[in-house]
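Heads up: the structure comes next, in structure tokens.
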Amino acid sequence: MSWRDDAYRAFTKWAIAAGEGTAELTPEILERFIAHLRTNATPKTRMTRLHGLQGALRERLPAGIDLAWVERRVREEWEMSSLGRRGQGPGRGHASKARRHRLLVEEWPSEARDRWERATRGPDPGKRRRYAAKPTADETAGAAVKWAAATRDKVERVIGLLFRVALDRGLPLDVVPESVQAFIDHHSEKGNSLYGLACNLDHLAMAVRVLWPERDWHWLALTASRLHAVAEQQPRKRDLTDVGVVPAEVEALAWELMREAVRSPLAVRSAGKYRDGLLLLFFLHHPVRRRNAAEMRVGEHLITEDHGFRLVWSETKNRQPRVDRLADRLVEPMKTYLRTFRPTLHRPHSDDALWLSAANDSLGSPLTGKGILEAIAGRVKRRLGGHIWAHLFRHWGAMMIVDHSTADAHLIAPLLGHRDPRSARFYISLAKTRGASSRLADMVERFYRPRKHAYIRRPTLRKADRA
Numbered sequence: 001m002s003w004r005d006d007a008y009r010a011f012t013k014w015a016i017a018a019g020e021g022t023a024e025l026t027p028e029i030l031e032r033f034i035a036h037l038r039t040n041a042t043p044k045t046r047m048t049r050l051h052g053l054q055g056a057l058r059e060r061l062p063a064g065i066d067l068a069w070v071e072r073r074v075r076e077e078w079e080m081s082s083l084g085r086r087g088q089g090p091g092r093g094h095a096s097k098a099r100r101h102r103l104l105v106e107e108w109p110s111e112a113r114d115r116w117e118r119a120t121r122g123p124d125p126g127k128r129r130r131y132a133a134k135p136t137a138d139e140t141a142g143a144a145v146k147w148a149a150a151t152r153d154k155v156e157r158v159i160g161l162l163f164r165v166a167l168d169r170g171l172p173l174d175v176v177p178e179s180v181q182a183f184i185d186h187h188s189e190k191g192n193s194l195y196g197l198a199c200n201l202d203h204l205a206m207a208v209r210v211l212w213p214e215r216d217w218h219w220l221a222l223t224a225s226r227l228h229a230v231a232e233q234q235p236r237k238r239d240l241t242d243v244g245v246v247p248a249e250v251e252a253l254a255w256e257l258m259r260e261a262v263r264s265p266l267a268v269r270s271a272g273k274y275r276d277g278l279l280l281l282f283f284l285h286h287p288v289r290r291r292n293a294a295e296m297r298v299g300e301h302l303i304t305e306d307h308g309f310r311l312v313w314s315e316t317k318n319r320q321p322r323v324d325r326l327a328d329r330l331v332e333p334m335k336t337y338l339r340t341f342r343p344t345l346h347r348p349h350s351d352d353a354l355w356l357s358a359a360n361d362s363l364g365s366p367l368t369g370k371g372i373l374e375a376i377a378g379r380v381k382r383r384l385g386g387h388i389w390a391h392l393f394r395h396w397g398a399m400m401i402v403d404h405s406t407a408d409a410h411l412i413a414p415l416l417g418h419r420d421p422r423s424a425r426f427y428i429s430l431a432k433t434r435g436a437s438s439r440l441a442d443m444v445e446r447f448y449r450p451r452k453h454a455y456i457r458r459p460t461l462r463k464a465d466r467a
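Position one of the sequence shown corresponds to residue 1 (our numbering), numbered consecutively onward.
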């Protein structure tokens with residue numbers, strides 16, 4: 001579920017509870033919803049809900065319906081809110097444009113903005129398809145409708161980043177070789193990885209084929225492929241063998257945090273400590289993506305059963321559902337969290353989200369994927385001195401499987417939610433390398449180890465010395 005779907009779900013839930021039903025959205029209903037958010041949500045949650053509702057309406061309503069009044073009202077609410085720093089909201093409003101790293105859709109050139117709206121909204125029902133050698137812009141309208149919400153957001157972000165670099169360097173706001181090369185140079189100077197830049201160019205190439213199908217984009221695909229080839233020659237930034245902590249230390253820290261929270265007086269601080277310990281334990285036993293962990297809701301993704309809990313995700317990154325049974329070691333800690341600590345963090349705007357924030361400025365708000373990572377990484381950094389990142393638990397899970405037996409490597413793809421089983425080759429190769437290094441170290445130690453009963457030859461004495 002994307003943040004747009006989440007916002008639309010919250011709006012419909014409020015509308016039913018307020019007696020509005022499923023009536024058509026009017027300015028009066030929108031004003032009452034905004035008043036409800038002002039009373040029951042933090043400024044950050046309020047603006048996230050409103051921007052998500054705006055995007056959800058753009059996706060769900062048919063083409064031709066004017067939503068400009070919704071966008072203007074949401075913009076006014078953002079400008080009146082207290083979110084003055086970049087990063088506290090979706091990035092729109094009175095925040096300084098010089099501090100923003102990308103151009104928003106409403107700031108794009110009119111032609112690019114119109115083509116993006118047609119691609120994401122759908123074709124005009126009054127126009128008939130015309131068969132030609134190459135499709136025109138009108139015939140490809142709606143080509144991006146089937147994209148996942150996360151894909152649309154990523155493509156929109158990449159185009160906005162490209163236009164921002166072109167604007168700062170005085171280049172035309174268009175996808176041309178000069179602007180693309182400036183985009184690569186700018187983000188390379190900032191220290192971004194070449195692999196990430198290559199992936200951004202892949203998304204850009206996917207978008208421009210939809211927005212400008214009449215143009216030739218082979219040069220962009222060739223640039224992306226060359227960047228991928230260079231990126232593959234570079235070493236990985238993160239060495240899985242040099243993290244600073246091991247899974248056993250993280251597990252011990254998780255139990256220690258939960259014990260400290262139970263012994264402390266019940267408060268927001270102790271509830272946040274217990275939540276972080278439970279999150280660490282959860283990722284060690286269920287290495288899901290942090291986005292899937294952030295969207296977990298009680299009763300929908302965490303379902304209570306007779307002897308524990310069931311984990312259900314209707315759709316993951318690979319468009320496939322995922323159903324797990326919560327590990328037995330986590331059943332009692334999860335019950336304690338739901339019974340004691342989650343109600344301490346719960347607020348009226350929390351809804352049924354499982355993981356809630358304990359920060360003062362966003363108390364009770366559902367934790368985002370970034371918030372989950374900052375919470376658990378901060379605990380590990382302060383207590384153990386190590387550095388963990390988003391996918392480290394997934395790497396650990398795969399490495400545990402191949403360290404136990406390489407014959408079980410076929411379990412890695414289902415565990416990580418990968419469609420291609422070839423993703424296990426990296427972990428098999430790493431396990432063999434580690435095994436060979438360990439075997440060599442043992443052989444060297446045995447070879448050079450001093451013998452306990454080594455024969456020591458005594459020096460012989462001459463006859464003159466004996467006398």
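All C-beta atoms, glycine included, are put in the ideal place defined by N, C-alpha and C.
Nothing here was measured: the structure is a model prediction, and the numbers come from that model.
Identity of the residue in the options nearest residue i by Cα
i, options, result
"L281", "R263, A261, P333", "P333"
"G52", "S429, R4, L356", "R4"
"D216", "I184, V176, L194", "V176"
"D153", "A207, S264, K432", "A207"
"R259", "A205, Y337, A148, V105", "Y337"
"L345", "D276, H286, A390", "D276"
"R291", "K146, E71, H391, P27", "H391"
"R289", "L253, T39, A359, T368", "T368"
"K273", "A56, F341, T26, H228", "F341"
"A254", "E111, R383, A407", "R383"
"L266", "I184, F393, R339", "R339"
"K432", "I401, D420, P421", "I401"
Delimiting residues of the alpha helix (DSSP H) encompassing residue i
i, result
"V155", "149-168"
"D276", "268-285"
"D114", "110-121"
"V230", "218-233"
"W255", "247-263"
"L30", "27-40"
"W78", "68-80"
"M47", "43-60"
"T368", "T368 -> no alpha helix (DSSP H), and no H or E assigned at all."
"L415", "412-416"
"W396", "392-404"
Same chain only: Cβ atoms within 6 Å of residue i, ignoring 5 sequence neighbours per side
i, result
"A398", "I412, Y427"
"H186", "V165"
"C199", "none"
"S264", "S270"
"I388", "A377, V380"
"R347", "G364"
"A41", "H349"
Close Cβ partners of residue i (< 7 Å) along its chain, the five nearest in sequence each way excluded
i, result
"W14", "F33, H36"
"F537", "Coverage of the chain is limited to positions 1 through 467, which leaves residue 537 absent and any answer about it impossible."
"V74", "L50, H51, Q54"
"V105", "R113, W116, E156"
Buried versus exposed call for residue i [16 or more other C-beta atoms within 10 Å across all chains shown]
i, result
"P366", "buried"
"Q54", "buried"
"R329", "exposed"
"D114", "exposed"
"I65", "exposed"
"S179", "buried"
"G244", "exposed"
"P43", "buried"
"E295", "buried"
"D6", "buried"
"H286", "buried"
"W69", "exposed"
"A98", "In this predicted model, A98 has a pLDDT of only 40, less than 50, meaning its place in the structure is not dependable; the value taken from the coordinates is given anyway. The residue in question, A98, is exposed, as its Cβ has fewer than 16 Cβ neighbours within 10 Å."
"A261", "buried"
"A252", "exposed"
Distance between beta carbons of residue j and residue i, contact taken as under 8 Å
i, j, result
"L201", "S188", "Rounded, the Cβ-Cβ distance is 12 Å, inconsistent with contact."
"L220", "L204", "7 Å"
"V312", "V323", "5 Å"
"L279", "I372", "6 Å"
"A149", "A119", "Not really, about 14 Å apart at Cβ, beyond 8 Å."
"G160", "R102", "3 Å"
"L416", "S423", "7 Å"
"F163", "W212", "The Cβ separation is near 14 Å, so there is no contact."
"L67", "R58", "6 Å"
Cutoff 8 Å; reference residue i; Cβ partners in own chain excluding five residues on either side
i, result
"S350", "L356, G364, S365, P366"
"H478", "Here the chain has residues from 1 to 467 only, and residue 478 is not among them."
"W396", "P247, L284, P287"
Residue range of the beta strand (DSSP E) that includes residue i
i, result
"E189", "Careful: E189 lies outside any beta strand (DSSP E), inside the alpha helix (DSSP H) at 177-189."
"T304", "302-305"
"L311", "308-313"
"R322", "322-325"
Below-8 Å beta-carbon distance, residue i vs any chain C residue
i, result
"P247", "The question asks about chain C, but that chain is absent: this structure has only one protein chain."
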